[in-house]
Amino acid sequence: MAEGGEEFPASIADAASRIRSGALSAHELVRAVQRRADALDGRLGCFVTRDDAGALAAAGRADRELSAGLDRGPLHGIPLGIKDIIAVEGMPTTGQSPSMRENFHGGRDAEVVVRLRRAGAIVVGKTSTMEYAIGMPDPAHPFPSPRNPYCLERWAGGSSSGSASGLAAGLFLGALGTDTGGSGRLPAAWCGITGLKPTYGALPLDGVIPLGYTHDVVAPMARTAADCRLLYEAMSEPSRLHSRRGSSGSVRIGVPYAVLEELGCAPGVMALFEDALEVLRGLGAQIVAVDLKYVPEVRAANDVSMAVEGWSYHGPNLRERWEDYGWQARAAIVRGALTTAPDYLQAQRVRRVATDALDELLGRVDIIAAPTHPFSPPKMFELELLGGLLEVNLTSFWNSCGYPAISLPMGFDPDGLPAGLHLGGKAHAEQSLLDIGERFQAETAHHAATPHLGAIHGNS
Amino acid sequence: MATHDQSGQARWTAAMDQLLWLAGLEVDAAERDRLARTFAHYRAGIELLYAVEVPEATRPYLVTDVDASVLVTHREPGEATTESD
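Top line first, the protein sequences correspond to chains A and B.
Under numbering that gives the first Met the number 0, think of the first position of the first sequence as 0, with each following residue one higher.
Under numbering that gives the first Met the number 0, think of the first position of the second sequence as 0, with each following residue one higher.
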């Protein structure tokens with residue numbers, strides 16, 4: 000750290016420990032992340048808005064509370080980045096679109112932000128995304144295009160890009176994204192951090208710009224699974240939290256090899272995935288091949304649902320401000336207006352059939368494992384390529400069924416680009432997924448890797 | 000689905016015009032044609048949905064189904080089962 004001459008905290012848990020030992024203050028920590036943002040964000044494009052003064056004031060309050068004996072828990076004094084489709088008081092919510100109306104959510108905090116602040120967390124800024132979480136990086140827009148911290152020419156993934164890239168670069172220690180088809184897990188994988196997609200409905204959505212009403216979830220993101228758990232638990236209703244299962248070595252993990260072959264996984268990504276499975280075997284997990292059905296059909300159902308539900312929200316604004324939406328966003332959303340009601344219902348019936356099949360499969364295995372994405376991050380602004388890459392995902396399957404999933408760092412491909420291990424489970428199995436994530440990260444060091452972004456004055 | 004023959008293309012263009020008009024959208028011909036190309040790809044996904052063998056009695060997926068499943072997993076030992084669970 001700048002003041003203490005120690006290294007930048009490796010995790011929320013690490014920072015919380017140092018804050019309690021007196022080795023670090025919340026004020027010092029917030030100043031440190033601000034200096035890192037000063038030095039790096041011009042290249043990374045992670046922030047849409049920063050509130051340096053507000054964050055320092057909050058850090059001062061956090062330190063005074065601790066001095067007075069008020070400890071709000073492990074998030075007390077921890078700096079967070081919040082995706083810019085989630086409302087934060089004192090900072091505009093832009094949705095990264097010129098078409099966004101002002102004063103979204105009355106300028107108040109989204110409920111998840113209320114809960115994080117109650118737990119002592121400090122919001123340092125709003126993080127970049129793609130327009131309304133559905134567009135693509137667009138250099139014509141007056142917003143930053145978030146870069147991959149492991150290769151600035153490459154995409155950070157989307158749409159919670161700024162949250163993932165900023166976590167990897169140490170611009171904050173925890174972050175919120177959202178996940179409608181993989182928007183939290185994909186950037187987590189491509190930036191080498193951890194991202195949780197909770198069960199649909201597990202976390203409140205008020206104060207979050209909708210995209211797909213029946214898919215959207217708020218996604219906790221951090222360097223480690225343990226940190227994601229801290230964020231998840233702080234935002235959850237206590238009555239909805241499950242006790243840990245204390246997963247033993249008897250976990251049965253299914254791998255849909257036929258689907259992975261059909262997707263054409265890159266050899267470098269597949270090799271990392273096989274290594275990750277070996278780690279899980281070493282932890283006592285039993286790995287079996289499974290037949291995951293309806294993957295392309297569910298991807299289509301996700302596409303139809305998101306388009307129709309997106310149109311339901313954006314339609315009136317889109318009619319009035321067509322040109323203020325970027326091409327990618329308006330083309331994606333307007334498809335919903337051109338879809339018939341029977342088509343939408345057929346999508347929901349296919350979701351039911353696929354969910355029933357998944358339930359049957361999850362009666363035989365506990366977890367389904369796959370690479371989070373079959374390929375490594377592409378170069379920025381190759382828009383057709385980006386669109387094509389999003390069509391070969393497995394992540395949206397879990398949004399369509401509403402079930403939880405997690406992306407864990409599983410290493411780097413031969414080009415030095417990060418890849419993610421994706422684990423999906425039954426409804427409300429977040430704690431089990433986090434347990435396995437913690438055990439995996441106790442055996443690996445992928446989550447501890449940091450990108451080489453050059454020296455930062457005053458920081459290690 | 001869009002076809003590559005000229006009459007098919009003309010019908011597709013006319014359909015796009017009608018759909019956009021019904022949606023209350025006014026776009027120029029170039030934008031309409033660009034949207035039509037995107038939409039044709041999207042329609043192929045919809046066709047995929049109709050190729051699934053969906054049992055006749057299958058109800059649509061409801062988000063409340065997954066949300067309500069928390070009641071089942073949270074039930075305390077001995078707690079009564081209700082129809083709504």
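A virtual CB, placed ideally from N, CA and C, is assigned to each residue, including glycine.
Where does residue i fall in DSSP's three states?
i, result
"residue 446 of chain A", "helix"
"residue 77 of chain A", "coil"
"residue 13 of chain A", "helix"
"residue 53 of chain A", "helix"
"residue 272 of chain A", "helix"
"residue 75 of chain B", "Interpretation of residue 75 of chain B is limited by its pLDDT of 40, a score under 50 that renders its predicted location unreliable; the figure taken from the coordinates is listed afterwards. Coil, per DSSP."
"residue 3 of chain A", "With a pLDDT of only 41 at residue 3 of chain A, under 50, the local geometry of the prediction cannot be trusted, and no value is derived from it."
"residue 341 of chain A", "helix"
"residue 32 of chain A", "helix"
"residue 420 of chain A", "strand"
"residue 348 of chain A", "helix"
"residue 221 of chain A", "strand"
"residue 396 of chain A", "helix"
"residue 84 of chain B", "Note that residue 84 of chain B has pLDDT 32, beneath the 50 cutoff, so the model's placement of it is unreliable and no number is given."
"residue 309 of chain A", "helix"
"residue 380 of chain A", "coil"
"residue 18 of chain A", "helix"
"residue 414 of chain A", "coil"
"residue 9 of chain B", "helix"
"residue 355 of chain A", "helix"
"residue 90 of chain A", "strand"
"residue 128 of chain A", "coil"
Cβ of residue i within 8 Å of Cβ of residue j?
i, j, result
"residue 103 of chain A", "residue 127 of chain A", "no"
"residue 149 of chain A", "residue 417 of chain A", "yes"
"residue 445 of chain A", "residue 369 of chain A", "no"
"residue 194 of chain A", "residue 173 of chain A", "no"
"residue 109 of chain A", "residue 86 of chain A", "yes"
"residue 65 of chain A", "residue 26 of chain A", "no"
"residue 407 of chain A", "residue 440 of chain A", "yes"
"residue 169 of chain A", "residue 7 of chain A", "yes"
"residue 146 of chain A", "residue 43 of chain A", "yes"
"residue 50 of chain A", "residue 123 of chain A", "yes"
"residue 366 of chain A", "residue 435 of chain A", "yes"
Less than 7 Å between the CB of residue i and some heavy atom of the ligand ZN, yes or no?
i, result
"residue 123 of chain A", "Among the components of this structure there are no ligands whatsoever, and the ligand ZN is therefore not found."
Taking residue i as part of the beta strand (DSSP E), name the residues at either end of that continuous run.
i, result
"residue 285 of chain A", "285 to 288"
"residue 404 of chain A", "404 to 411"
"residue 138 of chain A", "Run containing residue 138 of chain A: none; DSSP gives neither H nor E here."
"residue 193 of chain A", "193 to 196"
Pull up the CB-CB distance for residue i and residue j, whole angstroms please, since I reckon it's below 8 Å.
i, j, result
"residue 282 of chain A", "residue 442 of chain A", "7 Å"
"residue 159 of chain A", "residue 182 of chain A", "5 Å"
"residue 206 of chain A", "residue 107 of chain A", "7 Å"
"residue 234 of chain A", "residue 116 of chain A", "Rounded, the Cβ-Cβ distance is 11 Å, inconsistent with contact."
"residue 163 of chain A", "residue 156 of chain A", "6 Å"
"residue 330 of chain A", "residue 37 of chain B", "5 Å"
"residue 433 of chain A", "residue 59 of chain B", "Going by Cβ atoms, the distance from residue 433 of chain A to residue 59 of chain B rounds to 31 Å, so no, they are not a contact pair."
"residue 336 of chain A", "residue 22 of chain B", "4 Å"
"residue 401 of chain A", "residue 179 of chain A", "Rounded, the Cβ-Cβ distance is 12 Å, inconsistent with contact."
What does residue i pair with, by DSSP beta-bridge criteria?
i, result
"residue 154 of chain A", "A:146"
"residue 121 of chain A", "A:78"
"residue 317 of chain A", "Partner(s): none; residue 317 of chain A has no beta bridge."
"residue 254 of chain A", "A:288"
"residue 43 of chain B", "Bridge partners of residue 43 of chain B: none, in fact."
"residue 370 of chain A", "A:420"
"residue 173 of chain A", "A:79 and A:221"
"residue 439 of chain A", "Note: residue 439 of chain A sits in no beta bridge, so no partner."
"residue 178 of chain A", "A:216"
Would you say residue i faces chain C, with C-beta separation under 8 Å as the test?
i, result
"residue 429 of chain A", "Here the protein chains are A and B, and chain C is not one of them."
Starting from residue i, trace the alpha helix (DSSP H) in both directions and tell me its first and last residue.
i, result
"residue 332 of chain A", "326 to 333"
"residue 533 of chain A", "Missing from the structure shown is residue 533 of chain A; chain A here goes from 0 to 459 and no further."
"residue 67 of chain A", "Run containing residue 67 of chain A: none; DSSP gives neither H nor E here."
"residue 163 of chain A", "160 to 168"
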